[in-house]
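Visitor: My questions all concern the structure below.
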Amino acid sequence: MVGLVLVSHSAGLAEGLREMVAQVAGDDVPVATAGGTDDGRLGTSAPRIAEAIRATLAAGADDVLVLVDLGSAVLSLELALDELEPADRSHVRVSDAPLVEGAVVAAVQASVGAGIDEVADAALGARAMVKAAS
Amino acid sequence: MAEVRLSVLDPAGLHARPAAQFVRTASRFQSDIVLGIGDKAANAKSLVGILGLTIRPGAEVSLTADGPDADAALNALIDELGAAVERVDGTKP
């Protein structure tokens, strides 16, 4: 099964999204969060992201899709990826999907046993979701 | 090919959680399953597609399945939707 790592500058945002994802997609999909900095401020932390990825793999995920809230999270994410063992790194895919929609859609796709390519495509498809007609 | 027409009764329409459950149920079947509303249609196995239809209360939708397990798929999906829908014209899958 594919697992998700939710990276946000805010720990509260990441935790809330994890709760929402579990309610929509069920508890079978491994989801870990990396929100905020080590000292509880807004920001992202490479060690926390690496830890979340390892935890998701340890929870039984074959592959991990990482979603981020804002572009600056990618700087920490790149550091985290460098920190991983190559064997773990090869099972991680980074998504450019919008965080909330992407996480919900990816989790539903993962919950039906879809592989990483399909889950990653579904998450990216969330970019095209229209919420309110403009 | 099996088709059923349904009227959406749930006052909230088809929102995220039931839509996700609907997609998960549809994904268990081999058949191609399409949910249609007006002139729009979406793959029932795609949450992006289903949520993109913006199904509101009172809407009439069509559910079409094509494949070896088409009838079973429609039955399972109608069961899944439960009290949120009713059949429009007594059609059976």
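These protein sequence lines map, in sequence, to chains A and B.
Position in the first sequence (first residue = 1) + 255 = the numbering used here.
Position in the second sequence (first residue = 1) + 12 = the numbering used here.
Backbone N, C-alpha and C fix where the C-beta goes; we use that ideal spot for every residue, glycine too.
Just so we're clear, the structure is a prediction, and the values are computed from it rather than from any experiment.
1) Closer than 9 Å, Cβ to Cβ, to anything on chain A: give me those residues from the stretch 57-79 of chain B, in chain order.
2) In the DSSP output, what is A:Leu-261 paired with across the bridge?
3) For a test of the three-state rule: what should DSSP assign to B:Asp-22, helix, strand or coil?
4) Can you check whether the CB of B:Met-13 is closer than 8 Å to the CB of B:Asp-81?
5) Distance cutoff 8 Å, beta carbons only. Does A:Ser-366 sit that close to anything in chain B?
6) Taking the beta carbon of A:His-264 as the centre, do at least 16 other beta carbons fall within 10 Å, making it buried, or is it exposed?
7) Are the stretch 276-284 of chain A and the stretch 352-364 of chain A touching, with three or more C-beta to C-beta distances below 8 Å?
8) I want to see whether chain B comes within less than 8 Å of A:Met-384, judged by CB atoms only; does it?
9) Could you check how far apart the C-beta atoms of A:Ala-301 and A:Thr-288 are, in whole angstroms? I think they sit under 8 Å.
10) How is the beta strand (DSSP E) around B:Val-46 delimited, first residue to last?
11) Under 9 Å between beta-carbons, which chain A residues line up against B:Ser-19? List them in chain order, please.
12) Take A:Ala-335 and list the residues in its own chain whose beta-carbon comes closer than 6 Å to its own, dropping the five residues that flank it on each side.
13) Between the beta-carbon of B:Val-60 and the beta-carbon of A:Gly-370, is there less than 8 Å?
14) How about the stretch 56-72 of chain B and the stretch 21-31 of chain B: do they share at least three Cβ pairs that are nearer than 8 Å?
15) List in chain order: all unbroken alpha helix (DSSP H) runs of 4+ residues lying wholly within the stretch 69-102 of chain B.
16) Pick out whichever of B:Ser-58, B:Ala-88 and B:Ala-96 has its Cα sitting closest to the Cα of B:Val-73.
17) Is the beta carbon of A:Val-374 sitting closer than 8 Å to the one on A:Leu-322?
Guide: Let's see:
1) Lys-57, Ser-58, Leu-59, Val-60, Gly-61, Leu-63, Gly-64 and Thr-66
2) A:Thr-288 and A:Leu-322
3) coil
4) no
5) yes
6) buried
7) yes
8) yes
9) In fact, because the Cβ distance is near 15 Å, the residues do not count as touching under 8 Å.
10) 44-49
11) Ordered by position in chain A, no residue passes the 9 Å Cβ test against B:Ser-19, which lies about 24 Å from the chain.
12) Ala-301, Ile-304 and Ala-305
13) no
14) yes
15) 82-93
16) B:Ala-96
17) no
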